[in-house]
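Here it is, written out as C-alpha coordinates:
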(Lines of atoms letter the chains of each structure in order from A; the text may use other names.)
(Lines give C-alpha, C1' and ligand atoms only; values in the text may rest on other atoms or scores of the structure.)
Protein backbone atom coordinates (compact mmCIF):
# COMPACT_ATOMS: atom_id res chain seq x y z
CA UNK A 1 0.00 0.00 0.00
CA UNK A 2 1.05 3.60 -0.49
CA UNK A 3 1.31 5.92 2.49
CA UNK A 4 2.30 9.54 2.90
CA UNK A 5 4.93 10.43 5.51
CA UNK A 6 6.97 13.44 6.47
CA UNK A 7 10.06 13.27 4.23
CA UNK A 8 12.24 14.91 6.90
CA UNK A 9 12.07 11.56 8.72
CA UNK A 10 14.26 10.04 6.04
CA UNK A 11 16.94 12.70 6.29
CA UNK A 12 17.15 12.81 10.09
CA UNK A 13 20.53 11.73 11.32
CA UNK A 14 19.93 11.90 15.06
CA UNK A 15 16.90 11.75 17.29
CA UNK A 16 16.88 12.28 21.03
CA UNK A 17 13.96 10.90 23.01
CA UNK A 18 13.39 11.27 26.74
CA UNK A 19 11.58 8.47 28.58
CA UNK A 20 11.18 8.54 32.36
CA UNK A 21 13.95 11.14 32.57
CA UNK A 22 16.42 9.02 30.56
CA UNK A 23 17.70 10.53 27.32
CA UNK A 24 17.96 8.00 24.49
CA UNK A 25 19.85 8.84 21.30
CA UNK A 26 19.16 7.18 17.94
CA UNK A 27 20.75 7.50 14.52
CA UNK A 28 19.16 6.65 11.18
CA UNK A 29 21.37 5.36 8.37
CA UNK A 30 21.23 3.15 5.30
CA UNK A 31 21.81 -0.56 5.82
CA UNK A 32 25.24 -1.87 4.99
CA UNK A 33 25.62 -5.46 3.79
CA UNK A 34 27.14 -7.80 4.85
CA UNK A 35 28.07 -5.74 7.94
CA UNK A 36 24.50 -5.45 9.29
CA UNK A 37 23.43 -9.01 8.52
CA UNK A 38 24.47 -10.49 11.86
CA UNK A 39 22.34 -7.89 13.69
CA UNK A 40 19.33 -7.91 11.34
CA UNK A 41 18.94 -11.69 11.01
CA UNK A 42 18.08 -12.45 14.67
CA UNK A 43 15.83 -9.38 14.96
CA UNK A 44 13.90 -10.50 11.88
CA UNK A 45 13.71 -14.07 13.20
CA UNK A 46 12.11 -12.94 16.45
CA UNK A 47 9.98 -10.07 15.10
CA UNK A 48 8.67 -11.67 11.90
CA UNK A 49 9.46 -15.37 11.54
CA UNK A 50 8.17 -16.32 15.00
CA UNK A 51 5.07 -14.10 14.81
CA UNK A 52 3.74 -14.38 11.25
CA UNK A 53 2.74 -17.56 9.42
CA UNK A 54 4.32 -18.04 6.01
CA UNK A 55 7.18 -15.63 6.65
CA UNK A 56 10.39 -16.47 4.76
CA UNK A 57 13.19 -17.61 7.05
CA UNK A 58 16.22 -15.51 6.10
CA UNK A 59 19.72 -16.94 6.16
CA UNK A 60 22.84 -14.77 6.02
CA UNK A 61 23.07 -15.63 2.33
CA UNK A 62 19.46 -14.49 1.77
CA UNK A 63 20.14 -11.15 3.51
CA UNK A 64 23.41 -10.57 1.64
CA UNK A 65 22.39 -11.71 -1.83
CA UNK A 66 18.65 -11.04 -2.06
CA UNK A 67 17.54 -8.44 0.50
CA UNK A 68 20.55 -6.21 -0.11
CA UNK A 69 19.82 -6.20 -3.87
CA UNK A 70 16.00 -6.06 -3.68
CA UNK A 71 15.74 -3.31 -1.05
CA UNK A 72 19.06 -1.62 -1.77
CA UNK A 73 19.27 1.97 -0.56
CA UNK A 74 15.62 1.95 0.56
CA UNK A 75 16.51 0.02 3.73
CA UNK A 76 17.03 2.33 6.70
CA UNK A 77 18.44 1.20 10.03
CA UNK A 78 17.64 2.72 13.43
CA UNK A 79 20.70 2.49 15.67
CA UNK A 80 20.50 3.16 19.40
CA UNK A 81 23.52 4.75 21.04
CA UNK A 82 22.36 3.31 24.36
CA UNK A 83 19.01 1.94 25.54
CA UNK A 84 18.02 -0.07 28.58
CA UNK A 85 16.76 -3.55 27.84
CA UNK A 86 15.94 -6.77 29.68
CA UNK A 87 19.64 -7.54 30.02
CA UNK A 88 20.94 -4.04 30.82
CA UNK A 89 22.28 -1.33 28.55
CA UNK A 90 22.39 -2.00 24.81
CA UNK A 91 23.87 -0.20 21.79
CA UNK A 92 23.20 -1.27 18.22
CA UNK A 93 20.51 -1.86 15.63
CA UNK A 94 17.03 -1.73 17.16
CA UNK A 95 14.82 -1.43 14.06
CA UNK A 96 14.72 -1.30 10.27
CA UNK A 97 12.39 0.14 7.70
CA UNK A 98 12.34 -0.16 3.93
CA UNK A 99 10.59 2.68 2.21
CA UNK A 100 10.68 4.08 -1.31
CA UNK A 101 9.28 7.02 -3.20
CA UNK A 102 6.02 6.36 -5.03
CA UNK A 103 4.85 8.81 -7.65
CA UNK A 104 5.54 12.21 -6.24
CA UNK A 105 6.76 14.38 -3.44
CA UNK A 106 5.91 13.08 0.04
CA UNK A 107 4.44 9.79 -1.26
CA UNK A 108 6.19 6.66 -0.11
CA UNK A 109 5.61 2.92 -0.09
CA UNK A 110 6.39 1.05 3.13
CA UNK A 111 8.04 -2.14 1.92
CA UNK A 112 8.94 -3.81 5.20
CA UNK A 113 9.85 -3.07 8.79
CA UNK A 114 10.85 -4.74 12.01
CA UNK A 115 12.04 -3.95 15.51
CA UNK A 116 14.03 -5.50 18.32
CA UNK A 117 11.16 -5.48 20.81
CA UNK A 118 13.51 -6.33 23.68
CA UNK A 119 15.16 -2.91 23.29
CA UNK A 120 12.54 -0.62 21.74
CA UNK A 121 8.78 -0.46 21.32
CA UNK A 122 7.35 -0.44 17.81
CA UNK A 123 5.64 2.89 18.52
CA UNK A 124 8.99 4.44 19.46
CA UNK A 125 10.76 2.83 16.49
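In our numbering, the protein residues as written are 1 to 125. Beta carbons are placed, not taken as given, at the ideal position from N, Cα and C, and that holds for glycine.
In terms of Cβ geometry, residue 67 and residue 78 do not form a close pair [threshold 9 Å]. In the three-state DSSP reduction, residue 58 falls in the coil class, being neither helix nor strand. Under the criterion of beta carbons closer than 8 Å, residue 102 and residue 74 do not qualify as touching, at roughly 11 Å. Residue 111 is a Cβ neighbour of residue 71, given a cutoff of 9 Å.
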